[in-house]
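Chemist: In UniProt numbering, the protein residues as written are 1 to 177.
Right, I'll just put the structure down here and ask away after.
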């Protein structure tokens, strides 16, 4: 339960940086490792190869568009709503795929994290641009790299450790014989 909470929080926050990247990496992971808990869910489409591919294309387009002049701020209402919805979808999917029936909690957690991270990343990037001589597109590329690598890490979170029973000392054949 705690693992899913942190995954939803982290992936939701990443949706505040780039709305499509964490969704694309989650969909890609689910397409490779399907969750039986999504099989009868409206969220099952995220497990399809078509959704995974389409979301990757949208994530790439979002990264390109971010560097275009005249793009609205991520804190503008429409952009903010998109990030909140992406975070909600991610959180709900993670909770459902993890056999947690509190899908609404996952959606709320992902959405709130996305909105908070949207404002935090906006002010961080703006502040870095004002405090350094580094142009904004360079910060945008750094943000892209951080979002992609972090999204991959969240989507490929390690499985719980399996405890093995101690079977006593093992004799190795061929060593010292």
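The beta-carbon is built from N, C-alpha and C at its ideal position, and this holds for glycine as well.
1. Do residue 35 and residue 97 come within 7 Å of each other at the CB atom, strictly closer than that value?
2. State the Cα-Cα distance for the pair residue 139 and residue 42, rounded to the nearest angstrom.
3. What are the complete alpha helix (DSSP H) segments, minimum 4 residues, inside the region 65-132?
4. Might you give, ordered along the chain, the residues of its own chain that have their beta carbon closer than 6 Å to the beta carbon of residue 107, omitting 5 neighbours on each side?
5. For residue 159, which of helix, strand or coil comes out of DSSP?
6. Touch check for the region 99-114 and the region 8-23: three-plus C-beta pairs under 8 Å?
7. Along the alpha helix (DSSP H) that carries residue 3, what are the first and last residues, could you check?
8. Under three-state DSSP, which class holds residue 63?
9. Quick check: the region 70-87 against the region 148-157, are there 3 or more CB pairs under 8 Å?
10. Could you tell me if residue 144 is buried or exposed, where buried requires 16 or more neighbouring beta carbons within 10 angstroms of its beta carbon?
Modeler: According to the structure shown:
1. yes
2. 37 Å
3. 77-97, 103-131
4. 88, 91, 92
5. Low confidence applies to residue 159: its pLDDT is 49, below 50, so where it sits in the model is not reliable, and the reading given next is rough at best. DSSP places residue 159 in coil when its eight states are reduced to three.
6. yes
7. 2-17
8. helix
9. no
10. buried
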